[in-house]
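J.: Quick note: this note's numbering has the sequence shown finishing at residue 343, numbered continuously throughout. The C-beta atom is built at its ideal place from N, Cα and C for all residues, glycine as well.
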Amino acid sequence: MHWLQRDALRTAEDLARDVALSPSAITRRVRRMREDGTIVADIAIVSDRVGAFLSALVELQLDRHALPHVEGLLRRLDADPRVQAIMEVTGEHDLTLMVVVADMAAYNRFADTMLANDPTIRRYETRFIKKRRKWSAARPMD
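#1: Of the residues THR321, ALA307, THR327, LEU316, which one's Cα is nearest the Cα of ALA253?
#2: Please tell me whether GLN285 and VAL271 are closer than 8 Å, where the distance is taken between their beta carbons.
#3: Under the rule that 16 or more other beta-carbon atoms within 10 Å means buried, what is MET315, buried or exposed?
#4: Going by beta carbon distance, what residues of the same chain come within less than 7 Å of ARG324, once the five residues before and after it are set aside?
#5: Using alpha carbons as the reference points, say which of ARG232, LEU268, SER256, ASP264 lies closest to ARG349.
#6: Can you check which of these residues, THR291, MET299, SER223, is closest to LEU278 by C-alpha distance?
#7: Anyone know if the C-beta pair for ARG265 and THR327 falls short of 8 Å?
#8: Identify every run of the alpha helix (DSSP H) within the region 255-326, keeping only runs that are complete inside it and at least 4 residues long; order them along the chain.
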């Protein structure tokens with residue numbers, strides 16, 4: 202898992218050089234992990250060379266905690282391609298979102314249509330990302 206999280210395109214033969222398994226055993230294990238949902242996706246992380254964008258962490262404080270309201274909000278956020286991550290958090294806020302848009306005007310459209318008029322949301326705070334110093338979706342595998 203350690204090696205696959207860093208490069209999902211590595212071949213079984215290449216992985217066999219780093220772990221004590223044969224290429225066929227690695228192929229079987231990876232196939233099984235995809236089938237049982239341990240591996241849920243193979244993604245490409247693109248660089249800033251694809252174009253300028255604006256990233257933001259948006260913290261939401263909910264007004265309505267009833268399950269139907271929260272589930273509806275989560276469905277809407279999950280369906281929006283501008284929302285890259287939704288995290289339930291502890292503390293003053295209930296949810297933290299990672300939002301990526303083209304520019305400030307696009308962020309304002311997102312905030313106006315998705316957040317400002319939603320009765321489930323009491324308030325939200327936005328923190329814009331100045332620079333990504335490290336970005337990884339890999340989980341530590343000790």
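T.: Here's the rundown:
#1: Checking every option, the nearest Cα to that of ALA253 belongs to ALA307.
#2: Result no, Cβ atoms of GLN285 and VAL271 do not sit closer than 8 Å.
#3: Buried, because 16 or more other Cβ atoms sit within 10 Å of the Cβ of MET315.
#4: Its chain contains GLN262 as the residues whose beta carbon lies nearer than 7 Å to that of ARG324, once the 5 sequence neighbours on both sides are disregarded; these appear in chain order.
#5: Lying before the first or after the last residue shown, residue 349 is absent from the chain, which here runs from 202 to 343.
#6: It is MET299.
#7: No, the pair does not count as a contact, with Cβ atoms beyond the cut-off.
#8: Here the runs fully enclosed are 268-280, 305-311.
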